[in-house]
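In my numbering, the protein residues as written are 375 to 563.
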């Protein structure tokens with residue numbers, strides 16, 4: 375990572391986007407680029423705290439449901455979805471307590487044995503900000519370059535998120551550490 379002591383920037387990372395889990399999906403933090411909604415269309419409910427990010431994602435014209443809301447207090451009943459995604463959104467939630475609340479809420483709205491897919495940025499708590507630069511490869515071969523800038527001063531890695539997941543009622547089924555980012559698949563217990 376490039377480092378000026380206050381900010382870290384990753385080299386461009388190749389991210390082969392995984393398949394979206396089957397069933398009805400809640401995509402938490404899915405505004406902006408709208409990756410999950412573009413891949414799974416009509417079976418996705420997108421939740422984002424920013425109306426402008428939802429508007430930005432809607433330019434792709436996909437048939438998804440859109441909700442302005444907070445991942446820590448989802449506007450859905452218990453056991454509503456078969457799957458959930460948090461793709462590059464957990465780092466925007468700051469500290470461990472916020473991440474725990476969001477993952478407990480995710481567990482609440484998932485049915486038993488519901489699938490969870492997380493793509494996350496590694497954040498080092500010794501910096502003020504991290505810029506993640508990605509080259510995203512869609513399953514159909516489409517390429518998209520994007521950057522995510524998140525606040526630092528908190529720690530996020532696959533080990534820490536794995537601990538929160540187990541505490542929140544999930545069984546981690548696979549983990550892939552890609553140095554600057556990680557992938558976790560889990561099932562609700």
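Yeah, the Cβ is synthetic: ideal placement off N, Cα and C, and Gly gets one too.
When DSSP labels each residue in this structure, what does residue 425 get in the three-state scheme?
helix
Measuring only the C-alpha atoms, how far is residue 552 from residue 448?
30 Å
By DSSP's criteria, residue 530 is part of a beta bridge. Which residues make up the other side?
497
Among 504, 510, 539 and 511, whose alpha-carbon lies nearest the alpha-carbon of residue 529?
504
Identity of the residue in 491, 391 and 541 nearest residue 402 by Cα:
491
Contact check, residue 407 vs residue 520, beta carbons under 8 Å
yes
Using only alpha-carbon positions, find the residue among 385, 437 and 422 that is nearest to residue 464.
422
Among all the DSSP beta bridges, which residues are the ones paired with residue 525?
Answer is 503.
State the Cα-Cα distance for the pair residue 413 and residue 394, rounded to the nearest angstrom.
7 Å
List in chain order: all unbroken alpha helix (DSSP H) runs of 4+ residues lying wholly within the segment 381-430.
409-414
Say whether the segment 424-442 touches the segment 509-517, bearing in mind that this needs 3 or more beta-carbon pairs closer than 8 Å, one atom from each stretch.
no
Straight-line CA distance for residue 443 to residue 424?
8 Å
Residue 430: beta carbon under 7 Å from a heavy atom of the ligand GDP?
Only the bare structure without any ligand can be found here, which leaves the ligand GDP out of the picture.
So which of 458, 432 and 533 has the shortest CA-CA distance to residue 476?
458
Which parts of the segment 456-489 are runs of the alpha helix (DSSP H), unbroken and 4 residues or longer, counting only runs that do not cross its ends?
470-483
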